[in-house]
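Numbering-wise, the working numbering puts 262 at position 279 of the sequence shown, and it's gapless, one number per residue.
Using N, Cα and C, we set each Cβ at its ideal position, and we do this for glycine too.
These numbers were taken from a predicted model, which means no experiment stands behind them.
Structure, as structure tokens:
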Amino acid sequence: MSRKLKISVIGTGLMGIQHIEAIKKSKKAILHSIVDINSNAEIVSKKYKSKLFRRIEDLLKSNKPDGVIVATPNQLHEKHSNIFLKNKIPVLLEKPISHEISSAKKIVNFSKKYKTPLLIGFHRRHNQIISKVKNILSSKKLGKVVSANVLCWFYKHKEYYKTKWRTKKGGGPLNINLVHDLDIVCYLLGTVKYVQAFKSNKIRKFNIEDTASINLIFNSGALCTLNVSDTIVSPWSYELTAGENPVYPITNQSAYYIGGTEGSIQFPNLKLWTYKKEKSWWNKILVQNNRDKKDTKTLVNQINHFADVINKKAKPKVSGEDGLNLLNIFKAIEKSSKTGQKVKV
Ligand SMILES: NC(=O)c1ccc[n+]([C@@H]2O[C@H](COP(=O)([O-])OP(=O)(O)OC[C@H]3O[C@@H](n4cnc5c(N)ncnc54)[C@H](O)[C@@H]3O)[C@@H](O)[C@H]2O)c1
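Okay, here's the thing in structure tokens:
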């Protein structure tokens, strides 16, 4: 087995800490150092016995890491990622790739220009359930995919919205939660051609949505509806069903339903529905349970994949282009939600 790769974590807030924990559990990586301007970082540095730098420039002057995880605020993603890409240090960049399209394009271009890998942190892609579903779709067990339905419903408590940025642009469930679901449906079903979107803030009455309904038409012709709300008491969302994060008590339900001419699949609780003999709603439809156990190691899987990317054993599962594509879909969602019209992505 090759040596463990040295990874530095830039930004040790909520997400950065989770990455440090994941590195500690990884067999392929070790923590090189952390970089943060906040005084709290000293506590983090002591807890994880890690070298602390206050500025990225100081990190670069030292013994360079093999790769970095950029987990700073979205507005700083371009600045921080591009310093490393320019220095030919591979980057795992937290999602979203950036807060705006022009800056996301610059990140993608830097990765190309300096021939240095960029992996975007949509960690659900590293969940084994998602890999299984991808394999089932590729094996054509569902036939031709006709339509998909995604539910992202949960109830966010009052305390959550005491943090003010969450009540402003970008802080609602579309950008915080549904962005992950959108990434998954694009991964599974391909390129989105058209978007139609409706948003509502009728329950919470903040300046951001509490509920939204998104219709997609894929290049393949398949349709998809995604419905998100953080003001519905419900067990149906990836968060509450995949069991990835222990903060969410798990329900044994599903959040995704994908239907084809030969069968349908629901997940995360992975049930495949098909007919044994003639396809007919008058015949008994059979269910095959595929789920063995939940995958709680997606962040560790992501670090291991990042190590393989650095070692040139794998291409990034989530590329910069994937990150940019999602920003374009979001732009279309914004545009459509103002007019209700179908918008080309
Ligand atoms: N994958 C996910 O599910 C998920 C979940 C939450 C957040 N995120 C993403 O992770 C990123 C960070 O979010 P967060 O919630 O951890 O934010 P946070 O505010 O908790 O942490 C950001 C950290 O960056 C540090 N920082 C700011 N400027 C810096 C600089 N110039 N140099 C070094 N450090 C600096 C801050 O001091 C802070 O500690 C965002 O891009 C966010 O969208 C992803």
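For the pair residue 236 and residue 244, the CB atoms are not nearer than the 7 Å cut-off.
Ranked by Cα distance from residue 101, the options 227, 32, 66 and 125 are led by 66. If you look at residue 284, you'll find it in the alpha helix (DSSP H) that goes 281 to 293.
Residue list for ligand 1: -7, -6, -5, -4, -3, -2, -1, 18, 19, 20, 21, 54, 55, 56, 57, 59, 77, 78, 104 and 106 (CB closer than 6 Å to any heavy atom, chain order). Going by DSSP, residue 131 is part of the beta strand (DSSP E) stretching over 128 to 136. Here the alpha carbon of residue 178 sits roughly 27 Å from the alpha carbon of residue 124. Counting only unbroken stretches of 4 or more residues, the alpha helix (DSSP H) elements lying wholly within the region 52 to 107 are 60 to 69 and 84 to 96, in sequence order.
If you draw a straight line from the Cα of residue 263 to the Cα of residue 9, it is about 48 Å long.
Contact annotation: residue 155 and residue 186 have beta-carbon atoms that are not nearer than 7 Å. Your pair residue 219 and residue 238 checks out as a contact, with CB atoms roughly 5 Å apart and the cut at 8 Å.
Annotation for residue 243: the continuous beta strand (DSSP E) segment containing it runs 239 to 243. Look at the region 197 to 285 and you find these whole runs of beta strand (DSSP E), each 3 residues long or longer: 206 to 212, 239 to 243, 247 to 250, 254 to 257 and 269 to 272. Pairing residue 87 with residue 81 gives a Cβ-Cβ distance under 7 Å. Across the structure, residue 42 and residue 24 are spaced so that their CA atoms are roughly 15 Å apart.
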